[in-house]
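Just below is one structure, and these are the notes that go with it.
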Amino acid sequence: MAEERREAAMFAELYSIMVATEHLEAAFVRGAVSNQDYERTCTQLLTQFKTLKNGLKDKCPDIRAFAKENGMNCPLAEERLLGTGVAATALFGGTAATGKESLACFKASEGFITLVDAVKLNMNAVDELLPLVRDLQASIVGIPNLPPLAGIERIAGWLVTLNGMRASDRLTEEQTRQLAMDVEQAYTSLKNWLHEKT
């Protein structure tokens, strides 16, 4: 009986997280919430969702089916929670980061070098790479007026890919080589852009 109550509470929490995320995404699209508040709230909801999803994986393996069965219309929430798995500001920029362009570029360069070194040291576990990719992506979107440089969008793609994997998962040799190539290309593009600006 206690187990059933706990399970029911988890499903109720899952429902409320999906509804809250849908409202948050809609408010963000309308510009009714600041980027900073959006990112903080979205990150919190994503963390809660992942915890619940793991706890309900045996009882509810298909979250989209759960939403449909319960008459939920949450396309924005489904995309954020089940699709990208990260806040929109982490992918497309717009965070309320302050500071000069040179500092932002320095942080991004530092992030690229750290990630390149990690891959060269054969680090391929998700829990090792995800924090580095997340920090790098945050640095990239913090650069003011950064044009769509070749390879830069692939860093966001890797953030989504790693975020969708388990912490204990490891990249295959092919994935690791692809990550190394994508990071090198993106870093070269950034350096060339900075060189053209000077």
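In full-length UniProt numbering, the protein residues as written are 1 to 198. Every residue, glycine too, gets a C-beta built ideally from N, C-alpha and C.
(message) To the nearest angstrom, how far is the alpha carbon of D182 from that of G142?
(response) Within the sequence shown, numbered from 1, the residue matching residue 182 stands at position 182. Within the sequence shown, numbered from 1, the residue matching residue 142 stands at position 142. Approximately 20 Å between the Cα atoms of the pair.
(message) Checking 7 Å against the spacing of the C-beta atoms, do L146 and G111 come in under that value?
(response) Counted from its first residue, the sequence shown places residue 146 at position 146. Counted from its first residue, the sequence shown places residue 111 at position 111. Not in contact: L146 and G111 (Cβ atoms no closer than 7 Å).
(message) R80 and T21 - do their beta-carbons sit closer together than 7 Å?
(response) As a working mapping, residue 21 is identified with position 21 in the sequence shown. As a working mapping, residue 80 is identified with position 80 in the sequence shown. Yes. Within cutoff.
(request) For the alpha helix (DSSP H) holding residue 202, just list the boundary residues, first then last. (result) This structure cannot speak to residue 202, because the chain is shown only from 1 to 198.
(request) Using 10 angstroms around the beta-carbon of I113, count the other beta-carbons present and answer buried if the total reaches 16, otherwise exposed. (result) Numbered from its first residue, the sequence shown carries residue 113 at position 113. By the neighbour-count rule (16 or more Cβ atoms within 10 Å), I113 is not buried but exposed.
(message) Can you tell me whether S168 is buried or exposed? The criterion is at least 16 other CB atoms within 10 Å of its CB, across all chains shown.
(response) Start at 1 with the first residue of the sequence shown, and residue 168 comes out as number 168. Burial call: exposed.
(message) If the criterion is Cβ atoms closer than 7 Å, does the pair A108 and I140 meet it?
(response) For the purposes of this step, residue 108 is identified with residue 108 of the sequence shown, where counting begins at 1. For the purposes of this step, residue 140 is identified with residue 140 of the sequence shown, where counting begins at 1. It is a contact, given that the beta carbons lie within the stated cut-off.
(message) Using C-beta distances below 8 Å, list every residue in its chain close to R170, excluding the 5 sequence neighbours before and after it, in chain order.
(response) Locating residue 170 in the sequence shown gives position 170, where the first residue counts as 1. Excluding sequence neighbours, R170 sits near N124, A125 and V126.
(request) On a CA-only basis, which of L129, L149, R30 and S189 is nearest R166? Give me that one, please. (result) On the sequence shown, residue 166 is found 166 positions in, with the first residue counted as 1. The residue with the shortest Cα to Cα distance from R166 is L129.
(message) Within a Cβ cutoff of 7 Å, which residues of the same chain sit near W13, ignoring the five residues on either side of it in sequence?
(response) The residue given as residue 13 occupies position 13 in the sequence shown. Trp is not the amino acid found at residue 13; the sequence shown has Glu there. The residues are L52.
(request) Look at the alpha carbon of I63 and the alpha carbon of L194, and state the distance between them as a whole number of angstroms. (result) In the sequence shown, counting from the first residue as 1, residue 63 sits at position 63. In the sequence shown, counting from the first residue as 1, residue 194 sits at position 194. Near 44 Å, if we compare the C-alpha coordinates of L194 and I63.
(request) Over the uninterrupted alpha helix (DSSP H) stretch that includes I152, give me the two end residues. (result) In the sequence shown, residue 152 corresponds to position 152, counting from 1. Per DSSP, I152 belongs to the alpha helix (DSSP H) from I152 to N163.
(message) Just list the residues that DSSP pairs A125 with in beta bridges.
(response) On the sequence shown, position 125 is the one that residue 125 refers to. Answer is R170.
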